[in-house]
Amino acid sequence: MAIGVLAGLPTGAEAAATAPAVRIVKIQYDSPGADTRSAASLNAEWVALRNTTARSVSLSGWTLRDAQNHVYAFGTLTVAARATIYVHTGKGRNTAANRYWGSGNYVWNNPGDTATLRDPRKVVQTCGWRSTGKGSITC
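This is the structure we're talking about:
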């Protein structure tokens, strides 16, 4: 069963008016194929974030974490208007569209986990799942 939650936000029309500027839109929690811990396999596990506004948004001080408290800190990053960025589990060269956690192990648990996106002051969004059998969830 998939669970997608906007933490602390109203529902319905009120939610649309107060939705976060940057939000988790999809999580590929089970990389396709065998779990080999290769760079390709680790980087096929990712979280997609989307800037839903018509302006750039700074993610300085923002973090992404799992239920076991593995934390990715965005550092200095500005997301362009309407842009999507991917946070890959493994190692790579950071770009405007792709960020790399730098982990040598998988972060997201296939049977179930929760991704939490935080700005410097509060939880912006959480997205959790119990295995859907698909390997990904749309939040």
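If you read the sequence shown in our numbering, its first letter stands for residue 776, the second for the next number, and so on. Think of the CB as a built atom: it goes at the ideal place given N, C-alpha and C, for glycine as much as any other residue.
Cβ pair count under 8 Å reaching 3, the segment 830-838 against the segment 875-889: no
Residue burial classification, Val846 (beta-carbon count within 10 angstroms, cutoff 16): Taking the first residue of the sequence shown as position 1, residue 846 is located at position 71. Exposed is the call here.
Beta bridge counterpart(s) of Asp888 as assigned by DSSP: In the sequence shown, counting from the first residue as 1, residue 888 sits at position 113. Note: Asp888 sits in a beta bridge opposite Trp904.
Alpha-carbon to alpha-carbon, Tyr875 and Asn818: Here the question's residue 818 lines up with position 43 in the sequence shown. Here the question's residue 875 lines up with position 100 in the sequence shown. Approximately 8 Å between the Cα atoms of the pair.
Residues near Thr859 in its chain [Cβ-Cβ closer than 6 Å; skip 5 each side]: Along the sequence shown, read from residue 1 onward, the residue named residue 859 stands at position 84. Excluding sequence neighbours, Thr859 sits near Ala823 and Arg825.
Contact set for His725: own chain, Cβ-Cβ below 6 Å, skip 5 residues either direction: Here the chain has residues from 776 to 914 only, and residue 725 is not among them.
Exposure label - Ala856; buried when at least 16 CB within 10 Å: Your numbering for residue 856 matches position 81 in the sequence shown. By the 10 Å Cβ count, Ala856 comes out exposed.
DSSP-derived helix/strand/coil call for Leu817: Within the sequence shown, residue 817 is the residue found at index 42, counting from 1. Three-state DSSP puts Leu817 in a helix.
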